[in-house]
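Since the structure comes first, as structure tokens, the remarks are kept for the end.
Protein chains: 2
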Amino acid sequence: MPEPSPPSPAAPVVLSPSAGGIAPSEAELARLGRIGTDWQRAIGDRASWQGALPVDPTLKVGVGQGEAAGRFEPVALADAAGQPVVEAEGPPAGLASRLRRVLIGPPLRSSAVVQERMRKLVALPILGSDALSSVAYGPEAMLAVLVLAGSAGLGLTFPVAAAIAVLMIAVGLSYRQTVRAYPRGGGSYIVATDNLGRGPGLVAAAGLITDYVLTVAVSTASGIAAITSAVPSLAPYALELGLVGIVALCAGNLRGVKQAGNLFAFPTYLFIAAVGLVIVVGLVDAASRGFAAEPHPPVVATEGVGLLLVLRAFSSGATAMTGIEAISDGVPAFRPPEWRNARTTLTAMVSALLFLFVGTVVLVQLEGVIPMADETVLSQLAHDTVGSGVLYWVVQISTAAVLLLAANTAFSDFPRLLFFLARDRNAPLAFLRMGDRLAFSNGILLLTAAAIALYVGFDGKTSRLIPLFAVGVFLAFTLSQSGMVVHWWRGREAGWRRSLAFNAVGAVLSAAVLLIAGLTKFTEGAWVVALLIPALVLVFSRVHRYYMGVRAAVALPDDEAAAAPRRGRIVPHRWGDGAPGDGAGGPGALAGAGSAAGERADAPDELALMTVVCLTTLDLPALRALAYAASLGQPVLAVHISPDEDDARRFAKRWAAWGDHLPLEIVSSPYRAVVAPLTRYLEALAAQRRDLTLTVVVPQQVAGRWWMQPLHDHVGRRLHRALRARPGIIVTIVPFHL
Amino acid sequence: MPEPSPPSPAAPVVLSPSAGGIAPSEAELARLGRIGTDWQRAIGDRASWQGALPVDPTLKVGVGQGEAAGRFEPVALADAAGQPVVEAEGPPAGLASRLRRVLIGPPLRSSAVVQERMRKLVALPILGSDALSSVAYGPEAMLAVLVLAGSAGLGLTFPVAAAIAVLMIAVGLSYRQTVRAYPRGGGSYIVATDNLGRGPGLVAAAGLITDYVLTVAVSTASGIAAITSAVPSLAPYALELGLVGIVALCAGNLRGVKQAGNLFAFPTYLFIAAVGLVIVVGLVDAASRGFAAEPHPPVVATEGVGLLLVLRAFSSGATAMTGIEAISDGVPAFRPPEWRNARTTLTAMVSALLFLFVGTVVLVQLEGVIPMADETVLSQLAHDTVGSGVLYWVVQISTAAVLLLAANTAFSDFPRLLFFLARDRNAPLAFLRMGDRLAFSNGILLLTAAAIALYVGFDGKTSRLIPLFAVGVFLAFTLSQSGMVVHWWRGREAGWRRSLAFNAVGAVLSAAVLLIAGLTKFTEGAWVVALLIPALVLVFSRVHRYYMGVRAAVALPDDEAAAAPRRGRIVPHRWGDGAPGDGAGGPGALAGAGSAAGERADAPDELALMTVVCLTTLDLPALRALAYAASLGQPVLAVHISPDEDDARRFAKRWAAWGDHLPLEIVSSPYRAVVAPLTRYLEALAAQRRDLTLTVVVPQQVAGRWWMQPLHDHVGRRLHRALRARPGIIVTIVPFHL
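Chains L and X supply the protein sequences, listed in that same order.
Start counting the first sequence at 112; every next residue gets the next number (this note's numbering).
Start counting the second sequence at 112; every next residue gets the next number (this note's numbering).
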């Protein structure tokens with residue numbers, strides 16, 4: 112069977128709830144028709160089946176929506192009294208779902224998915240918060256490395272910062288090309304898959320996944336540092352505050368926080384303004400004293416100045432660029448002409464980023480500020496320039512807010528990436544599922560768990576998390592921009608040489624940073640990411656292979672495949688018709704007939720069925736299960752499991768009194784177990800006739816309250832678990848409600 | 112219906128695996144016969160059913176055991192090739208069960224339950240280890256209170272110890288009466304239930320349960336203290352060592368450690384000999400200096416001498432008596448004449464206990480020893496008398512060993528008590544179940560968990576656990592001996608006055624200790640027990656009431672009860688016969704017919720059945736489920752759940768191509784949920800015909816490996832959980848193995 116190709120990654124990106132579905136091909140419909148022919152023969156006239164339904168399946172009685180509903184029309188639910196069920200009620204109300212309702216709000220209809228279009232002025236803060244907020248930790252991370260070499264190290268601040276600024280420009284120009292080429296949205300996963308193939312795409316996805324998790328962890332750690340810098344008395348609770356922040360983001364995103372433009376625009380613009388003000392005031396101050404740098408506090412050099420130190424400082428400082436790719440990801444969210452507006456916004460964002468980054472670094476030198484354990488560099492700069500009044504608080508609060516927004520960006524990008532991965536069958540299908548609130552709940556929960564693990568594992572310290580950061584980010588950058596190089600080379604549209612050059616420069620520089628970060632930070636934590644990324648790629652590949660196997664297994668067999676096993680089939684035989692049993696021919700006589708014979712999509716008359724009722728006693732639930740089994744109209748065998756002779760005798764006495772209406776076997780269980788011997792007995796029965804489908808009926812007392820459940824044994828459930836892997840055995844639990 | 116009375120607690124104590132079973136009464140057999148008559152009418156000749164079995168249920172083919180097996184004979188299991196299954200194999204071998212096999216050994220047959228009879232010399236160490244080992248902590252606990260009042264307090268050691276010695280004699284004499292009256296074993300629960308009623312019996316059981324848990328915790332803590340006294344460098348790992356000890360006891364008991372006489376006798380006798388030697392050497396030493404007491408180290412009095420202090424010291428010291436009741440519990444384990452041998456052993460044990468207790472206390476005074484944080488009193492005494500050589504090590508090792516044995520006693524008594532409670536339906540039936548190794552695994556695991564919680568919660572410190580101990584012990588003593596008073600008063604056998612007097616004194620003194628311990632130790636930890644005991648009694652009562660309710664619910668209805676609802680029944684109607692559906696009469700039309708109508712033990716022809724197949728797509732597993740549903744011979748309805756219009760259209764197209772052989776309804780799920788709308792739809796269907804039994808068939812892909820399971824959704828399982836509480840709906844999962 113040809114493997115159905117996954118939807119092209121270049122196809123329009125629609126996050127609809129049924130995006131996982133595949134339209135039926137002509138061949139598939141033809142196969143369905145052939146299978147249906149067998150049914151026609153087996154069940155004869157359809158009307159006789161349909162007329163026998165004892166209930167009205169449309170539930171339309173009394174609902175009266177006025178519209179004549181065809182057979183394939185969706186039905187509206189009516190309750191027992193015929194009243195239409197109000198759809199907004201959603202799932203049935205248990206305690207858990209009521210709690211969930213309070214926490215994340217009422218469910219939203221699928222039709223509530225809307226594609227908001229953003230103005231540039233709104234898009235800049237929304238898509239730019241991640242990149243711009245990086246200024247809060249990037250320069251500080253760079254300085255924290257340089258200061259290890261004392262004054263001599265700090266003297267290298269400008270050259271290193273200049274290299275980073277060049278990198279920003281190069282990557283920014285490179286992404287401008289991506290925006291033009293992928294007006295439908297060009298995330299690294301899509302661009303890499305599209306141009307370099309599935310493997311590099313998965314590597315890019317793995318890099319992005321670590322990137323998103325680290326964005327949450329680092330932004331939270333850095334945001335909390337902004338708060339504890341301003342309120343040192345909160346410092347002992349920094350870890351707890353960060354956890355509260357991550358959980359709040361999770362809850363907010365499960366609610367499906369709309370990316371309300373104004374709400375998001377305000378802190379980002381405030382942050383740009385506040386830090387800009389700090390820079391300007393600082394420069395004016397410095398100008399008044401002739402740009403003479405104030406001396407920094409005395410520092411002890413613990414390392415010499417060397418290439419390694421410079422490279423480490425460079426790769427730490429490069430984290431100031433994280434998030435720069437967000438706009439190329441979100442092109443479809445712009446108003447038309449999308450790609451042009453996105454490009455303008457990208458240029459504006461990179462300019463703002465450059466201004467903040469360079470301004471901060473210059474001011475650090477002028478004010479003689481060095482990184483300290485209990486106060487962020489940005490907070491020190493604010494203290495030095497605008498004092499400790501209202502303006503200082505504005506700087507700190509807007510910093511914390513914009514970092515929170517950056518973390519929030521990851522909460523919308525991460526589940527979306529998993530959606531794409533799941534759509535291409537590289538990740539569990541559970542990530543395709545939209546929750547009540549149209550949010551990808553599973554992705555959000557996974558991100559929360561991973562971010563908390565990382566945040567707590569690295570003690571909530573920005574400085575300890577930074578070494579992990581650059582690897583994933585620049586891996587994704589490199590693959591995405593290499594993909595673009597291939598894209599231009601293949602397409603050779605107008606101006607392809609220029610675009611290819613920009614992307615090539617971006618790719619080479621990104622690759623250089625990736626290499627530098629991976630090598631110099633390996634022992635400081637980058638090894639975590641270096642192990643994680645191949646592990647993730649392996650998981651994606653295994654999941655993909657598995658789903659492809661499943662797809663082949665459940666697909667309808669085509670003609671040749673269907674014909675082959677059929678030739679060797681057992682003669683169709685229906686047991687319910689009272690045909691004499693020939694099963695006594697001996698166990699294993701038919702064992703060669705193929706173990707999954709009972710699981711083919713045969714017409715109903717080709718299934719050989721038998722019902723086995725498993726009983727531990729002969730009470731009302733047991734008699735009920737017997738009645739149910741007998742009414743299925745197949746041969747019935749009752750099986751009793753006895754721990755000892757006394758018990759077997761008691762059961763036999765009751766059975767005889769009842770009238771011995773069904774064949775009974777008593778299975779002795781010398782080890783007192785119930786499920787294990789039953790499993791073996793049923794397997795031995797099934798082994799006699801491989802084509803047989805056994806329906807195993809087990810009575811089960813169901814307690815009224817959940818806390819009463821442990822007072823009952825759960826033979827049915829355990830039997831179901833034990834027999835799950837066994838083809839041809841179906842376990843049916845017949846509940847008896849107390 | 113009359114409530115079947117639980118087996119009398121005075122009945123012979125047999126721990127057989129089917130002890131929970133009740134022999135059928137004549138009335139019950141008659142009821143079964145009447146129900147069978149309905150079946151006779153419904154299914155006609157039994158032979159036609161039996162002949163139709165497609166397999167040989169006896170599995171005897173090829174096994175050839177030579178014996179002609181009757182229909183009610185237990186069958187021996189044969190595998191697919193007709194080879195008999197070796198019974199010793201027990202449960203099927205998964206990784207978990209193989210691991211378990213290594214840890215706790217192969218399963219044992221029920222017939223391996225043997226009642227070992229013990230000689231007195233073996234019984235003394237086995238049943239006496241608990242009481243005798245109490246000497247390791249009882250005197251120390253007493254001194255630890257008295258030392259709070261400095262020298263003046265320590266001066267009261269003798270009077271307090273004398274009171275405890277009197278108490279020991281009184282309780283010992285009292286239990287001699289119990290041994291005579293209850294040759295079958297007279298545990299506190301049984302004696303209290305038997306003579307005072309169910310309520311006091313449950314209170315005694317609750318007291319015993321806290322007693323057993325504390326025995327494990329205190330003995331472990333004290334045993335570890337004996338070890339760390341000898342090897343102070345182990346002190347930092349005391350808590351961990353104790354946990355290892357408890358877990359080792361748990362594992363050993365899950366293996367079903369045989370109480371091998373020699374193994375148990377050795378440490379106990381060694382302990383008696385070693386501590387006896389310490390006492391004798393100490394007394395000889397003291398005699399050589401004219402019994403002049405050595406001065407104790409200077410102590411600072413933090414409290415004055417007062418009645419409260421004395422009472423607290425008394426109730427702490429009384430923990431030296433814990434375990435004294437063990438012999439009266441274990442009378443049936445003695446060789447005949449059981450009660451006389453048990454009585455002799457009891458006297459010997461109390462004598463040894465008195466000797467060790469009084470000797471220790473006297474020696475403490477003579478040697479001027481006071482309790483210290485890092486060395487036990489017993490270790491100090493041993494150092495002072497036999498030095499630090501081999502003899503010292505013998506004392507410490509035998510002390511630790513006998514304390515371990517004492518803890519082990521609780522591991523056999525606790526599950527046995529729960530067995531009795533479960534047999535009388537006061538505790539979950541799971542405690543009736545004997546594990547693979549004939550041990551009551553559930554009770555052992557529960558005790559382990561509770562003991563670990565207590566041990567860790569109180570930091571593994573004997574001194575912190577002691578205040579909790581006396582309450583439960585003396586509560587059980589009081590109730591047991593009060594019960595004996597009632598017993599003698601009722602029976603008035605020969606010599607009843609004397610026995611009654613002994614028991615009355617024992618009861619009054621025990622009650623006094625209970626009161627003293629409860630009041631003086633309340634704030635130090637006794638409140639835990641004071642809360643726990645009523646809570647346990649409440650749980651026992653609720654469990655009992657629940658099981659009695661279940662018993663009434665599942666019992667076969669007698670004539671009047673059965674006749675009453677039958678009169679109002681719906682006309683029997685079998686849907687599988689192709690009778691025209693009259694269900695269109697409207698939803699709710701028959702809603703008054705009683706919600707559990709479908710769950711009565713009716714004959715098969717009185718059940719109205721319908722099958723609903725729930726589909727999300729139309730692939731091979733789905734077609735298989737449809738074929739299975741259709742072959743059940745009942746009316747079939749297919750239901751598809753669609754998240755949106757696109758999906759509904761795709762499904763409808765496939766369905767039409769297949770041939771539209773069955774009625775189909777498409778349920779729209781605007782909130783994308785699958786299970787919730789299906790549940791509502793099915794409930795609405797069922798509400799139309801309350802007498803209908805719906806079989807809900809759900810296809811389920813089953814992955815080959817467990818770790819692949821999360822890659823599939825589990826609609827069937829979730830549906831089953833959601834519909835569990837709903838009468839008349841049976842969920843059948845049709846597996847499709849990949």
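Glycine included, each C-beta is placed from N, C-alpha and C at the ideal position.
Since we're looking at a predicted model, the values are computed, not measured.
Label Leu464/L either buried or exposed according to how many other C-beta atoms from any shown protein chain fall within 10 Å of its C-beta, with 16 as the threshold for buried. buried
Can you tell me whether Phe847/X is helix, strand or coil according to DSSP? strand
Any 3 or more C-beta pairs closer than 8 Å across the region 521-528 of chain X and the region 479-498 of chain X: no
Any chance you could list the alpha helix (DSSP H) runs of at least 4 consecutive residues sitting entirely within the region 770-812 of chain X, in chain order? 786-799
Assign Pro698/X to one of three DSSP states: helix, strand, or coil. For Pro698/X, the predicted model reports a pLDDT of 34, less than 50, meaning its position is unreliable and no value from the coordinates is stated.
Taking only beta-carbon positions, decide if Glu178/X is within less than 9 Å of chain L. Because Glu178/X carries a pLDDT of 35, less than 50, the predicted location of this residue cannot be relied on, and no value is offered for it.
In the structure shown, what three-state DSSP assignment does Leu647/L receive? helix
Taking only three categories from DSSP, how would you classify Val842/X? strand
Measure from the alpha carbon of Val747/L to the alpha carbon of each residue in Glu776/L, Arg761/L, Glu756/L, Ala768/L, then state which is nearest. Glu776/L
Integer Cβ distance of Leu822/X from Pro539/L, believed to fall under 8 Å: 5 Å
What residues of chain C sit near Thr804/X, judged by a beta carbon separation below 8 Å? Absent here is chain C; the protein component of the structure consists of chains L and X.
In the DSSP assignment, the alpha helix (DSSP H) including Leu729/X goes from what residue to what residue? Unbroken run through Leu729/X: none, as it is neither H nor E.
Can you tell which of Thr304/L, Arg828/L, Gly441/L, Thr559/L has the C-alpha that lies nearest to the C-alpha of Asn364/L? The candidate whose alpha carbon is nearest that of Asn364/L is Thr559/L.
Under the three-state DSSP convention, the category Leu667/L falls into: coil
What three-state label does DSSP hand Val723/X in the structure shown? strand
Just to confirm my understanding: we take Phe580/X, look at its own chain, exclude 5 residues before and 5 after, and list those with CB closer than 7 Å. What are they? Leu325, Val329, Thr430, Thr433
Other residues of its chain near Leu235/X: CB distance less than 7 Å, five sequence neighbours each side excluded: Thr456, Ala459, Met460
Is the beta carbon of Gly144/X less than 9 Å from the beta carbon of Ala768/L? Cβ distance < 9 Å, so Gly144/X and Ala768/L count as in contact.
If you draw a straight line from the alpha carbon of Ala274/X to that of Leu257/X, how long is it in whole angstroms? 14 Å
Per the DSSP calculation, Met229/L is bridged to which residue(s)? Met229/L is bridged to Phe445/L.
Check the Cβ of Gly770/L against every Cβ in chain X and list those closer than 9 Å, keeping chain order. Ordered by position in chain X, the residues that pass the 9 Å Cβ test against Gly770/L are Leu143, Gly144, Ile146, Gly147, Thr148, Trp150, Gln151, Arg157.
So Ser285/L and Gly617/L are in contact, right, with Cβ under 8 Å, and what is the actual spacing, rounded? 3 Å
For Asp485/X, does the count of other Cβ atoms within 10 angstroms reach 16, so buried, or fall short, so exposed? exposed
Is the shortest distance between the beta-carbon of Ala836/X and the beta-carbons of chain L less than 9 Å? yes
Could you tell me whether any Cβ in chain X is nearer than 9 Å to the Cβ of Leu556/L? no
Three or more beta-carbon pairs under 8 Å between the region 805-813 of chain X and the region 830-849 of chain X, yes or no? By the Cβ rule, the region 805-813 of chain X counts as touching the region 830-849 of chain X, because three or more pairs are nearer than 8 Å.
Measure the alpha-carbon distance for Thr268/X versus Phe551/X and round it to whole angstroms. 43 Å
Identified DSSP bridge partners for Leu748/X: Val723/X
At what residues does the alpha helix (DSSP H) containing Gly356/L begin and finish? Counting along the chain, the alpha helix (DSSP H) containing Gly356/L begins and ends at 349-365.
Against chain X, with Cβ distances strictly below 9 Å, would Val845/L count as a contact? yes
Establish whether the CB of Val826/L and some CB of chain X are separated by less than 9 Å. no
What would DSSP say about Ser753/X, mapped onto helix, strand or coil? strand
Nearest to Val567/X by CA position, among Val282/X, Val355/X, Thr148/X, is which residue? Val355/X
Just the Cα atoms here: how many angstroms apart are Val410/X and Glu351/X? Distance between the alpha carbons of Val410/X and Glu351/X is about 32 Å.
Under DSSP, the alpha helix (DSSP H) around Asn553/X begins and ends at which residues? Segment 552-568, the alpha helix (DSSP H) holding Asn553/X.
Using beta-carbon positions only, say whether Ala247/X and Val513/X come within less than 9 Å of one another. yes
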